[in-house]
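Going by my numbering, the first residue of the sequence shown is number 12, and it counts up by one from there. For every residue, glycine included, the Cβ atom is placed at its ideal position computed from N, Cα and C. Just so we're clear, the structure is a prediction, and the values are computed from it rather than from any experiment.
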Amino acid sequence: MRVNHILFIDEDKATRDAVKITAKLNNLSIWVPDTPKEALRLLEKNSYQIVFCNTHLSHSYTQIIFNYIRSTDTHYLTRCILVSDKDNNYSLRTAIDFGAHDLLLKPFTGKELLQTLHVHREIYAKSEETFELYMHKQVFKLLNKNFNQELLTPIYAIMNVANMLENLEEDDMPVVKTELAHVIHAGTQRMTRNINNLLTYSYFMANNNLQSLPANTPINLSKTLKNILYQYECGKTAAPAIITSQIVDSGYWSGIQHFIEILFTELIDNAVKFSPPHGVPHVTLTAINQRFEFTVTNPIAKPVFIQTEELAPFKKFHKDTSRNGLGLGLYVAKLLCGYFSLSFEVKADNNLFSVIVCND
12 MRVNHILFID
22 EDKATRDAVK
32 ITAKLNNLSI
42 WVPDTPKEAL
52 RLLEKNSYQI
62 VFCNTHLSHS
72 YTQIIFNYIR
82 STDTHYLTRC
92 ILVSDKDNNY
102 SLRTAIDFGA
112 HDLLLKPFTG
122 KELLQTLHVH
132 REIYAKSEET
142 FELYMHKQVF
152 KLLNKNFNQE
162 LLTPIYAIMN
172 VANMLENLEE
182 DDMPVVKTEL
192 AHVIHAGTQR
202 MTRNINNLLT
212 YSYFMANNNL
222 QSLPANTPIN
232 LSKTLKNILY
242 QYECGKTAAP
252 AIITSQIVDS
262 GYWSGIQHFI
272 EILFTELIDN
282 AVKFSPPHGV
292 PHVTLTAINQ
302 RFEFTVTNPI
312 AKPVFIQTEE
322 LAPFKKFHKD
332 TSRNGLGLGL
342 YVAKLLCGYF
352 SLSFEVKADN
362 NLFSVIVCND
């Protein structure tokens, strides 16, 4: 999700034109959409430092927009300014009750707009600095507490295999060679996945400027998914599994290859871990004309925790055992969906557990 600067939402064309002129004269980056619907689409794709919003948008869009900003993690620091006509008798108290940080009364001068921007940009910068410091501390605490679970466990598995190899007689080597090679491969695969997840988690949670990420490139989703499924089906993972799949792919989708690989892998791995011994996860991918939908469904032996807004990054922090498995991997998958503006839905129905990701 890109970080932009200022969004000004107003259905009055004269006000929009005046704001555009002020922005141009003062070399400011102010997005001024023509309609509230367009503004909402921009908010879904970008995060903003400051959002100005008129009190009387049609179809209750003012309340919809404020509710969306307040309920979305990516807009946590966004400063909201309520814009109202002077004869509406709105006060700063009214604006705060509405969910805004300040009130700008119309008609306003260019100087008044610039003063309001200056004040709230300074507040935003201070809030961002405080928030980043807090998140860096939180990330450090989380990584420190979960180092054993996420990294040392696969390392110990590899060390145990090395010890076994040292003690094996030469006659026994051909019998166990393939099996031990799979254990080593699975351990390194798991360690690589965990490191990728920890790096992705720490980056997204501690770095508020995502503009330094690689640019989107064309991705062959079908080929990417088949490569991941192969790792499971040939026994190169910690949990060899039969996974059925149905893939309909035409063309390419624009994104970051590394992140898409993490997204697909974590959702599939979660399905493998949840499936009972004789259960078979099923993966479907439909990617046509820049639209794609990716679904992973697996049977479950018991009810699971499915409220995605409460997904925790590290499952060991919860005493509720029904959350087991819904830890760092799924949390990172959800973060990536937010970055790519993808929907992330989890369903449980008739002993089936499904995760659906799409770009509608």
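Please confirm whether residue i and residue j have their CB atoms less than 8 Å apart.
i: residue 282; j: residue 238; result: no
i: residue 368; j: residue 353; result: yes
i: residue 17; j: residue 50; result: no
i: residue 97; j: residue 116; result: yes
i: residue 47; j: residue 68; result: yes
i: residue 211; j: residue 273; result: yes
i: residue 265; j: residue 240; result: no
i: residue 235; j: residue 271; result: yes
i: residue 233; j: residue 298; result: yes
i: residue 343; j: residue 231; result: no
i: residue 33; j: residue 110; result: no
i: residue 311; j: residue 363; result: yes
i: residue 113; j: residue 127; result: yes
i: residue 291; j: residue 253; result: yes
i: residue 288; j: residue 263; result: no
i: residue 65; j: residue 123; result: no
i: residue 340; j: residue 280; result: yes
Pop quiz: residue i and residue j are said to be a contact at Cβ under 8 Å. What is the actual Cβ separation, rounded to whole angstroms?
i: residue 41; j: residue 92; result: About 12 Å; that fails the 8 Å criterion.
i: residue 95; j: residue 101; result: 4 Å
i: residue 54; j: residue 76; result: 7 Å
i: residue 259; j: residue 278; result: Between residue 278 and residue 259 the Cβ distance is about 18 Å, and since that is not below 8 Å, they are no contact.
i: residue 276; j: residue 204; result: 6 Å
i: residue 2; j: residue 59; result: No answer is possible for residue 2: it lies beyond the span of the chain, which begins at 12 and ends at 371.
i: residue 285; j: residue 296; result: Not quite, the Cβ-Cβ distance comes to about 19 Å (not below 8 Å), so this is no contact.
i: residue 302; j: residue 227; result: With 8 Å as the limit, residue 302 and residue 227 do not qualify as a contact, their Cβ atoms being about 16 Å apart.
If you follow the beta strand (DSSP E) that residue i is part of, which residue opens it and which one closes it?
i: residue 95; result: 90-96
i: residue 359; result: 354-360
i: residue 310; result: 302-310
i: residue 295; result: 293-299
i: residue 374; result: Residue 374 is absent from the model: the chain starts at 12 and stops at 371.
i: residue 18; result: 17-20
i: residue 63; result: 61-65
i: residue 116; result: 113-117
Got a sec, what are the start and stop residues for the alpha helix (DSSP H) residue i sits in?
i: residue 366; result: Here residue 366 belongs to no alpha helix (DSSP H); instead the beta strand (DSSP E) covers 363-369.
i: residue 1; result: Nothing can be reported for residue 1, as the shown portion of the chain is limited to 12 through 371.
i: residue 78; result: 72-82
i: residue 108; result: 103-109
i: residue 343; result: 339-350
i: residue 53; result: 47-56
**Report entry** Stretch pair the stretch 35-49 + the stretch 80-92: three plus CB contacts closer than 8 Å
**Finding:** no
Query - Start-end ranges of the alpha helix (DSSP H) lying completely within the stretch 248-288, minimum 4 residues - result: 268-285
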